[in-house]
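Remarks on the structure that follows.
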Amino acid sequence: MGIYYVVYIPYVRPKKNKMEKKLLLTLVLFLGIAVAIKADEKLKINVSEQDAVIYVDGKPSGSSAEIKIDKGSCVTVKVVKTGFLTENLSFCDKKNAASIPKSLFVELKRDDSYDASLKIDFANNDIDVRTSKPENDAWRLMNQIITSQFDIIEITDKETGYLRTAWAVQTFKGNTIRTRMVVKLGSNDPLYYKIKLMSEQSGEPGTSPKSDEKFQEWDRVLRKYESVVTEIQNRLK
Numbered sequence: 351m352g353i354y355y356v357v358y359i360p361y362v363r364p365k366k367n368k369m370e371k372k373l374l375l376t377l378v379l380f381l382g383i384a385v386a387i388k389a390d391e392k393l394k395i396n397v398s399e400q401d402a403v404i405y406v407d408g409k410p411s412g413s414s415a416e417i418k419i420d421k422g423s424c425v426t427v428k429v430v431k432t433g434f435l436t437e438n439l440s441f442c443d444k445k446n447a448a449s450i451p452k453s454l455f456v457e458l459k460r461d462d463s464y465d466a467s468l469k470i471d472f473a474n475n476d477i478d479v480r481t482s483k484p485e486n487d488a489w490r491l492m493n494q495i496i497t498s499q500f501d502i503i504e505i506t507d508k509e510t511g512y513l514r515t516a517w518a519v520q521t522f523k524g525n526t527i528r529t530r531m532v533v534k535l536g537s538n539d540p541l542y543y544k545i546k547l548m549s550e551q552s553g554e555p556g557t558s559p560k561s562d563e564k565f566q567e568w569d570r571v572l573r574k575y576e577s578v579v580t581e582i583q584n585r586l587k
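In terms of the numbering used here, the sequence shown has 541 at position 191, counting the first letter as 1, and numbering is strictly consecutive.
Below is the structure:
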């Protein structure tokens with residue numbers, strides 16, 4: 351019977367040279383950074399109304415937009431079209447912020463304050479109304495017409511020919527409109543008055559009529575007041 355010998359030869363890992371070590375270290379660092387850094391978020395927005403304008407951080411970008419949101423930052427988006435309620439949106443790529451969708455379709459809603467009004471040149475402008483009637487008759491008739499449209503007369507002074515109604519307020523889904531009438535005596539000879547139908551909007555619902563800083567002139571007038579100036583002009587002739 352023969353005798354067998356088993357010989358163990360230890361495995362010796364070949365030594366890497368310095369260049370190989372540097373390449374390996376660089377690769378490890380690169381992979382680590384790639385995993386740690388999240389790519390910037392991207393969002394595509396489309397709107398139901400083709401001629402609406404999308405504003406991204408205040409800059410217009412047409413009726414559709416592709417938005418890149420940098421890591422750790424936020425973007426504000428406003429969608430605007432005349433006759434529709436403005437949509438204000440905000441997206442943040444921050445920790446604990448809501449996830450950002452890849453795409454978003456914005457369905458604009460009709461502005462009911464726009465539909466309940468019309469654009470009139472005399473809104474917020476003085477209109478001269480001349481009359482051939484005696485001053486007392488003209489003043490009484492003008493008061494009758496105005497009080498048929500406005501519930502509260504805030505100031506009235508027949509001697510100086512000044513009248514001002516209180517603000518009449520109407521709230522809509524996305525807007526608050528306040529309207530008032532102001533009358534001033536223009537001249538006694540010939541007799542004429544300056545009348546102004548004031549119309550202002552706040553751009554948000556439920557605004558107090560006393561919050562003057564929130565209102566601005568509106569070039570539209572609620573339909574319920576559209577004929578008041580014309581009626582005064584016609585009946586005071």
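Built from N, CA and C at the ideal position, the CB exists for glycine as well.
Report, in whole angstroms, the separation of the C-beta atoms of residue i and residue j, which I expect to be a contact under 8 Å.
i	j	result
Ile-477	Ile-527	With 8 Å as the limit, Ile-477 and Ile-527 do not qualify as a contact, their Cβ atoms being about 20 Å apart.
Tyr-543	Val-533	6 Å
Ile-321	Arg-585	Coverage of the chain is limited to positions 351 through 587, which leaves residue 321 absent and any answer about it impossible.
Per the DSSP calculation, residue i is bridged to which residue(s)?
i	result
Lys-428	Tyr-405, Asn-438
Lys-392	Lys-418
Pro-410	Tyr-405
Lys-469	Arg-570
Please list, in chain order, all residues of the same chain as residue i whose beta carbon is under 8 Å from its beta carbon, the five residues on each side excluded.
i	result
Gly-300	Any property of residue 300 remains undetermined from this structure, which presents the chain solely from 351 to 587.
Val-406	Ala-415, Ile-417, Val-425, Thr-426, Val-427
Pro-410	Val-403, Ile-404
Ile-383	Residue placement at Ile-383 is flagged as unreliable, the pLDDT there being 48, under the threshold of 50; the coordinate-derived value follows with that caveat. Cβ within range, chain order: n/a, list empty.
Pro-540	Arg-480
Beta-carbon within less than 6 Å of residue i's beta-carbon, same chain only, minus the 5 sequence neighbours each way: which residues are those?
i	result
Trp-568	Ser-549, Glu-550, Gln-551
Ile-387	Bear in mind that the predicted position of Ile-387 carries a pLDDT of just 49, short of 50, making it too unreliable to give a figure here.
If you follow the alpha helix (DSSP H) that residue i is part of, which residue opens it and which one closes it?
i	result
Ile-582	578-585
Asp-462	462-465
Ala-488	485-497
Taking the beta strand (DSSP E) that residue i belongs to, which residues open and close that run?
i	result
Asp-507	503-507
Ala-415	414-419
Gly-536	526-538
Arg-514	512-515
Tyr-543	541-551
Given residue i, which residues of its chain have a CB within under 7 Å of its CB, disregarding the five upstream and five downstream residues?
i	result
Val-385	At Val-385, the pLDDT of 42 sits below 50, so the modelled position is not reliable; the number obtained from the coordinates is stated separately. Around Val-385: no qualifying Cβ.
Glu-504	Arg-514, Thr-515, Ala-516
Tyr-361	Because Tyr-361 carries a pLDDT of 46, less than 50, the predicted location of this residue cannot be relied on, and the following value inherits that uncertainty. No residues qualify anywhere along the chain.
If you measure from the CB of residue i, is any heavy atom of the ligand GTP nearer than 7 Å?
i	result
Asn-438	In the structure on display, the ligand GTP does not appear, and there are no ligands present to speak of.
Are three or more beta carbon pairs between the region 569-577 and the region 554-561 nearer than 8 Å? no
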